[in-house]
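A.B. asks:
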């Protein structure tokens, strides 16, 4: 009689364990959790993009400053040479050399001006890109935090339900024979969480296969009764 009572309690335990398993599955497969993971990944990507653009912008700005400084020096050198030419007092040979030097400097200046203009354009592009990337980082961070709150709220609810189920489980476990409990736990570990099932109308509630009348008699003669097909513990 005690064994039958123990097996009846085992079904109650299986029911509670199945509910806990479903809650744990729900906890790890929340839509909000999936959305959070996607948002977190997008935020990491956006942050990396912003970091790269910021570094490129800084490097371009430094290069621009350098080129503008060099251009300013060239302007000063050209002006100085032209002032010497305008002042006169040079020999024809020296004047010709100076004019050639000025022409060469102006040619180089033109190239440098083109470089500076290109750098200015690039600098503006990067400034705009950094601003846009910053917006994306802020947006993905806000989305991530929203889903983080949703996950936290869902987990709080689920954890509360699990705690109540665990409390119920603690009350049931002492009612079950130790040997049966050990067998049940062993079966649960490799039977998709189901170690015990009801035998109703000759059908095993675990594997859903039918046992013939002769097989049912054979099963019920065992202690504890176990399905001939799936070997789960059966409760009549």
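In our numbering, the protein residues as written are 66 to 301.
Note that CB positions come from ideal geometry on N, CA and C, so glycine has one too.
Taking the straight line between their C-alpha atoms, what separation do you get for residue 93 and residue 213?
C.D. replies: So the two alpha carbons sit approximately 14 Å from each other.
A.B. asks: Quick one: residues in its chain with C-beta nearer than 7 Å to the C-beta of residue 261, no 5 flanking neighbours on either side, listed in chain order?
C.D. replies: So the qualifying residues of the chain are 75, 76, 79, 249, 297, 298 and 300.
A.B. asks: What are the boundary residues of the alpha helix (DSSP H) that residue 253 is part of?
C.D. replies: Residues 243-255.
A.B. asks: Determine the direct distance from the alpha carbon of residue 147 to that of residue 167, and round the result to whole angstroms.
C.D. replies: Rounded to whole angstroms, residue 167 to residue 147 spans 7 Å at the Cα level.
A.B. asks: May I have the straight-line CA-CA distance separating residue 215 from residue 192, to the nearest angstrom?
C.D. replies: Using only the alpha carbons, I get a separation of about 35 Å.
A.B. asks: Tell me the residue span of the alpha helix (DSSP H) that contains residue 301.
C.D. replies: No alpha helix (DSSP H) contains residue 301, which DSSP labels as neither H nor E.
A.B. asks: Helix, strand or coil: which one does DSSP assign to residue 268?
C.D. replies: The answer is strand: DSSP assigns residue 268 an E or B state.
A.B. asks: Counting only the same chain and skipping the five closest in sequence on each side, list residues whose C-beta sits under 6 Å from that of residue 272.
C.D. replies: The residues are 294 and 295.
A.B. asks: Go ahead and label residue 82 buried or exposed: buried means 16 or more other beta carbons lie within 10 angstroms of its beta carbon, across all protein chains shown.
C.D. replies: Residue 82 should be labelled buried.
A.B. asks: Note down the Cα distance separating residue 155 from residue 145, rounded to an integer number of angstroms.
C.D. replies: Rounded to whole angstroms, residue 155 to residue 145 spans 14 Å at the Cα level.
A.B. asks: Do residue 6 and residue 71 have their C-beta atoms within less than 8 Å of each other?
C.D. replies: Outside the displayed range of the chain (66 to 301) lies residue 6, so it cannot be described from this structure.
A.B. asks: Spatial neighbours of residue 170 within its chain, please: CB distance less than 8 Å, with the 5 preceding and 5 following residues excluded, ordered by chain position.
C.D. replies: Excluding residues within five positions, the ones whose Cβ falls inside 8 Å are 139, 142, 143 and 146.
A.B. asks: Please go through the same chain and pick out, in chain order, the residues whose beta-carbon is closer than 6 Å to the beta-carbon of residue 202, but skip the five residues on each side of it.
C.D. replies: Answer for residue 202: 111, 112 and 115, listed in chain order.
A.B. asks: When you compare the CB positions of residue 209 and residue 104, do they come within less than 8 Å of one another, or not?
C.D. replies: Yes, the pair counts as a contact, with Cβ atoms nearer than the cut-off.
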